[in-house]
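Enquirer: Residue numbering for the sequence shown follows this note's numbering, beginning at 15 and increasing consecutively. No residue lacks a Cβ here, since even glycine has one placed at the ideal position from N, Cα and C. Remember, it's a predicted structure, so these values are computed and weren't measured experimentally.
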Amino acid sequence: MATRGKPVGLPKSGGRVKKSLDRQQRVLISGELAHSILATFELLGGTAAMFEWAAENQTVFYTQILSRLMPAPQRDDPAIEVNTQVNIGDANLTERQAAVRVAFALAKATYQLQDEEPAIDITPRQACDWRDPVGVREPDPPPLLRPEPEPIGPDKQRWVEELPLTDEQRRDNALVRETLECTLENYRGGPGEQGGSVSRSSPTAVTKRSAGELARSMSRRGRDLL
15 MATRGKPVGL
25 PKSGGRVKKS
35 LDRQQRVLIS
45 GELAHSILAT
55 FELLGGTAAM
65 FEWAAENQTV
75 FYTQILSRLM
85 PAPQRDDPAI
95 EVNTQVNIGD
105 ANLTERQAAV
115 RVAFALAKAT
125 YQLQDEEPAI
135 DITPRQACDW
145 RDPVGVREPD
155 PPPLLRPEPE
165 PIGPDKQRWV
175 EELPLTDEQR
185 RDNALVRETL
195 ECTLENYRGG
205 PGEQGGSVSR
215 SSPTAVTKRS
225 AGELARSMSR
235 RGRDLL
């Protein structure tokens, strides 16, 4: 006879008895039984036969069948009695256990005193209106105004308008604008007109060395390497 529980020395398992039905098998059997019950009910006459039986046995129908479809009635919670008696005379109590019981008794008495204290009537008072001792109050500061937006300058406006343009288009626009807006006061002129001179480096003459000079330089190079 197989005993329940895990034998000594074997690893822990789910606790199911060998050859017993598992959860999936129970679900299949329950489904088959429900199908059989429904088929039997239809063969016996279905709802019409059940109506005839319920008409003759109304009490049984209401108490045994219809009551299963209704929600369960609410039950009143039973009165829970809490033993608040504190016993300290036990000789087997340790000092810590006795101190815990004494603290519980003191806390219980404190809560009882709070319930017995009369309610304190609070009289409403006028809100404090502070005044300057001298009698002169400073005027309230003016309300903050939203600053007006700064006007957009022509340079910034031009920069915004030229954002979708390419670099070459911006240079062309700058050249056209400088040509149209040029006056005697803002004309810059070229370097020659401003008193400067363009420095030009004179080209250095490159002379071709003769065969003798090349031979002498190669011999000196060979001696330096040795």
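1) Can the beta-carbon of A68 be found less than 8 angstroms from the beta-carbon of F75?
2) Could you spell out the range, first to last residue, of the alpha helix (DSSP H) harbouring K33?
3) Assuming R184 and E195 form a contact by the criterion Cβ under 8 angstroms, report the distance between their Cβ atoms to the nearest whole angstrom.
4) What separation, rounded to the nearest whole angstrom, lies between the Cα atoms of F118 and V41?
5) Using only alpha-carbon positions, find the residue among N71, R191, T108, R115 that is nearest to D169.
6) Could you tell me the distance, in whole angstroms, from the CA atom of Q88 to the CA atom of Q78?
7) Taking the C-alpha atoms as reference points, what is the distance between P161 and P153?
8) Could you compute how far the alpha carbon of G59 sits from the alpha carbon of V31?
9) Restricting to runs no shorter than 4 residues, where is the alpha helix (DSSP H) found entirely within the region 51 to 94?
Expert: Working from what's here:
1) yes
2) Note, K33: premise wrong, no alpha helix (DSSP H); not H, not E.
3) Not quite, the Cβ-Cβ distance comes to about 16 angstroms (not below 8 angstroms), so this is no contact.
4) 53 angstroms
5) R191
6) 18 angstroms
7) 22 angstroms
8) 42 angstroms
9) 60 to 70
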